[in-house]
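In full-length UniProt numbering, the protein residues as written are 1 to 630. Every residue gets a Cβ at the ideal spot worked out from N, C-alpha and C, and that includes glycine. Predicted model, so just to flag it, every value in this text is computed and none were measured. These notes concern the structure reproduced below.
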Amino acid sequence: MAAKRILQYVSDHWNNNAKRFHLEDKELRAAKTILEILNSAEEGDFAINSEEFFTDFEDDTRDKEAAIYFGSKQGLNNNGTKVRPPLATMKKLFPFIKDENHLKKLREYEANGDIKKDRLNNLAFLSEELKKVVTTRLQEGAVLHDDSLRFFIAQIVKEFNLKIDNFSASNQWLAKWKRGFGLTSRKITKFVAILRHKNKDQLEKDAKEFVEKTNREMTHYNPSSIFNADQSGFQLEMHTARTLAITGSKHVHCVVQSVSNSTHSYTVLPLVSADGKLHKKLFITLKESKGKFPKKGHFQADNLFVTCHTSHIMTKELMKTFFENVVFDPAMPKDSLLILDSWSSWKDQSAIDSVTPSSNKCKVLVIPAGCTGLVQPCDVGLFGGFKKVVKTITGHGQLTNPKYKMFSRDATLKMISLVWWQLCHSKLEDWVRYAWHASGYNLPRPSQFFTPAQLLFPRDVARDCEAAGCLSTSFIRCIYCESHFCFKDFTIEDWILFATQTGLFFTNLSQPRVPFRIAGPSSVISLEIMAEINCVAMVVNKQRQLALVPLDSLTLAMQSTQPSIRPECLPEFGHVHAIKYHQQNGQRYLLISDDTHVHIRKYNGTRDVFSHFAKRMENGMSEAEKYYSY
1 MAAKRILQYV SDHWNNNAKR FHLEDKELRA AKTILEILNS AEEGDFAINS
51 EEFFTDFEDD TRDKEAAIYF GSKQGLNNNG TKVRPPLATM KKLFPFIKDE
101 NHLKKLREYE ANGDIKKDRL NNLAFLSEEL KKVVTTRLQE GAVLHDDSLR
151 FFIAQIVKEF NLKIDNFSAS NQWLAKWKRG FGLTSRKITK FVAILRHKNK
201 DQLEKDAKEF VEKTNREMTH YNPSSIFNAD QSGFQLEMHT ARTLAITGSK
251 HVHCVVQSVS NSTHSYTVLP LVSADGKLHK KLFITLKESK GKFPKKGHFQ
301 ADNLFVTCHT SHIMTKELMK TFFENVVFDP AMPKDSLLIL DSWSSWKDQS
351 AIDSVTPSSN KCKVLVIPAG CTGLVQPCDV GLFGGFKKVV KTITGHGQLT
401 NPKYKMFSRD ATLKMISLVW WQLCHSKLED WVRYAWHASG YNLPRPSQFF
451 TPAQLLFPRD VARDCEAAGC LSTSFIRCIY CESHFCFKDF TIEDWILFAT
501 QTGLFFTNLS QPRVPFRIAG PSSVISLEIM AEINCVAMVV NKQRQLALVP
551 LDSLTLAMQS TQPSIRPECL PEFGHVHAIK YHQQNGQRYL LISDDTHVHI
601 RKYNGTRDVF SHFAKRMENG MSEAEKYYSY
């Protein structure tokens, strides 16, 4: 019955069926092993190793061949002995033969008709003992090579006093032995401390207990109020570790803009919810000399919160800044559950309490040390896809725009802002949800989903760039509009907008030219960009109506060959003279002045609308207006 349950579970998992058999731990491990084999077969990385027996080796084969030739001569010598080839001939044909002692062994081999029984047994025993030693060392995380195997063989022969004549662990023997036991040389993907490796079973136990505890706690929260945050270091120049090279190349050298920037890092700190949404602001810490930004400042993006320090490593003060500006953002839930790793500052509840608003509650659960790779959603499913996108963009930029300094402060921030904007699309929410499911939490496994790389870099992505007037080949597809763009138009371009009596115009800052008109509004007399809420407010047409349009729609229009937008006019506002966007105490306001009133609308992040807050009375301003007016 156990076998049937395992096979049924594998079938349900493979076919994405929601209902699955409940398996015991031992059965579940067997099912996961089968699924790994199936995934390898699906990806073409699949090989079957059949069992081999290690009693017949090339040493024995060459002994047999030499013995046959040594006894192949016909006739007898005058003294009655058999005619045999001279030593010089045998040494020439069989280089392993060195002297008369080897010829004596060939006579013994010929007389016995086979390898002696004790030799056969000793070879088989050696093979099995070597397997035991290697298995133990691999479980301990040791780094092994062919020289290591030869060392183990010598130890085994000495320890058990084995007599194996004319045997050496040649390259061919080792290759056959490794093939038989399913061993191959692989690139090391991660180094861990020896104590952590030795405590692997304990870590898995701790991780399981933490997940069980967290699952019980999660029942008291909505998935949209459950979060995970984690730090990760990103190199200023991040490239893949592999490249195409001529077969047989001994050294593979690749060019980067700066070798030091391929090792120097900045830190990203995302906040991810259990319902699959990424926080709109990505927290970033840059390394700056003296821990301060230059006077000219840095690239500003509404989806980034950028800090700096003398190194890119987070500090307790930066941790408090993260809580103040991201975790306790006004749009965040007032009561939340936050899962964090075992970094010492995360454990300082008093520091967190010192920046927690009186209206907020945030319960922190700390993952046991060493378990983050098993149960932390950001580690399990987010950072790999995030970094793959960054590596692809960086690599293509180096290929097509080698003079563009991608490692510079502003270029780095601009690229990360663009990538984070793409990752926040609703099409990737199932990808984020799967990270939670794969970490073991009681959240439903999403149906088939796409990774960021699959959506941004499909196989047919290389086509004509769809930006206005561009003749280059595209390398990326925008998830929002599904248009294809080259590196320059996606990553480098900046724009300037002109609000005029004859309409809305724009031009490119990096290549200034006659401004293009954006079809839609016949005139624009006032314009306010509210990037952090993805909105543009404008006063349009002869009736001077207040209209709103999504910022990403306007951005995409400026990148199309026939730019146009369709602003949504608000009928309750006409004859508007001016508008002003204002932020204060974490709140966002839109001030609207018409012929008779000054209206103040307050942004409601939950509903994504501007609601009435106050307006001018006949006898003067309200108290709210006096407080927020200019």
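query	result
Can you give me the start and stop residues for the alpha helix (DSSP H) that Asp-348 sits inside?	Premise fails: Asp-348 is in no alpha helix (DSSP H) and is neither H nor E.
Is it right to say Gln-545 is buried, meaning 16 or more other beta carbons lie within 10 angstroms of its own, or is it exposed?	buried
Between the segment 472 to 481 and the segment 494 to 504, do at least 3 Cβ pairs fall closer than 8 Å?	no
Would you please state the rounded distance, in angstroms, between the beta carbons of Leu-93 and Tyr-109? I believe it to be under 8 Å.	Actually they are not in contact, since the Cβ atoms of Leu-93 and Tyr-109 sit about 16 Å apart, beyond 8 Å.
Would you check if the distance between the CB atom of Leu-413 and the CB atom of Phe-299 is smaller than 7 Å?	yes
Does the segment 536 to 543 come within contact of the segment 453 to 464, defined as at least 3 CB pairs closer than 8 Å?	no
Can you tell me whether Leu-554 sits near the ligand MN, meaning its C-beta is under 6 Å from at least one heavy atom of the ligand?	The model depicted lacks the ligand MN and carries no ligand whatsoever.
Just the C-alpha distance for Ser-417 and Ala-301, rounded to the nearest angstrom, thanks.	7 Å
Checking the sheet assignment: what are the DSSP bridge partners for Gln-235?	Ser-265
Per DSSP, what kind of secondary structure is Thr-285 in: helix, strand or coil?	strand
If we count the other Cβ atoms within 10 Å of its Cβ and call it buried at 16 or more, is Val-549 buried or exposed?	buried
Would you call the segment 442 to 451 in contact with the segment 416 to 433, where contact means no fewer than 3 C-beta pairs closer than 8 Å?	yes
Just how far apart, CA to CA, sit Val-390 and Glu-128?	47 Å
Does the pairing of the segment 96 to 103 with the segment 144 to 153 give three or more beta-carbon distances under 8 Å?	no
Which residue marks the beginning of the alpha helix (DSSP H) containing Leu-428, and which one marks its end?	Taken as a continuous stretch (DSSP letters only), Leu-428 belongs to no alpha helix (DSSP H), as it is neither H nor E.
Kindly confirm or deny that the segment 278 to 287 and the segment 301 to 319 touch, where touching means at least three C-beta pairs closer than 8 Å.	yes
Quick check on DSSP: helix, strand or coil for Ser-343?	For clarity, residue 343 is Trp in the given sequence; the question names Ser instead. In the structure shown, Trp-343 sits in coil (DSSP, three-state: anything other than H, G, I, E or B).
Taking a contact to mean a Cβ-Cβ separation below 7 Å, would you say Leu-399 touches Thr-214 in this structure?	no
Just checking, does the segment 198 to 217 make contact with the segment 345 to 360 on the three C-beta pairs under 8 Å criterion?	no
Tell me whether Ile-115 sits in a helix, a strand or coil according to DSSP, three-state version.	The pLDDT assigned to Ile-115 is 47, lower than 50, so where the model puts this residue is not dependable, and the model offers no usable value.
Among the residues of its own chain, which have a CB less than 7 Å from the CB of Ser-553, if the five just before and after it don't count?	Ile-565
Report, in whole angstroms, the separation of the C-beta atoms of Gln-422 and Pro-402, which I expect to be a contact under 8 Å.	Actually they are not in contact, since the Cβ atoms of Gln-422 and Pro-402 sit about 24 Å apart, beyond 8 Å.
On the DSSP bridge list, what partners appear for Ile-600?	Leu-591 and Ala-614
Alpha carbon to alpha carbon, what distance is there between Ala-369 and Glu-204?	11 Å
Do Gly-440 and Val-355 have their beta-carbon atoms positioned less than 7 Å apart in this structure?	no
Taking the alpha-carbon positions, what's the Ile-393 to Ile-518 distance?	29 Å
Where does Asn-215 fall in DSSP's three states?	helix
Under 7 Å, do Ile-600 and Ala-614 count as touching if we go by C-beta distance?	yes
Which same chain residues end up closer than 8 Å to Phe-573 when comparing Cβ atoms and leaving out the 5 residues on each side of it in sequence?	Gln-545, Leu-546, Ile-592, Asp-594 and His-599
Beta carbon of Glu-531, beta carbon of Leu-551: below 7 Å?	A small fix is needed here, since residue 531 is Ala in this sequence, not Glu. Result yes, Cβ atoms of Ala-531 and Leu-551 sit closer than 7 Å.
With distances taken between CB atoms, is the gap from Ile-164 to Asn-121 smaller than 7 Å?	no
Taking the straight line between their C-alpha atoms, what separation do you get for Cys-378 and Gly-291?	27 Å
Exposed or buried, what is Phe-152 when buried is set at 16 or more other beta-carbons lying within 10 Å of its beta-carbon?	buried
Could you give the distance in angstroms between the alpha-carbon of His-597 and the alpha-carbon of His-575?	11 Å
Is Gly-276 helix, strand or coil by DSSP?	coil
Classify His-612 as buried or exposed, calling it buried when 16 or more other Cβ atoms lie within 10 Å of its own Cβ.	exposed
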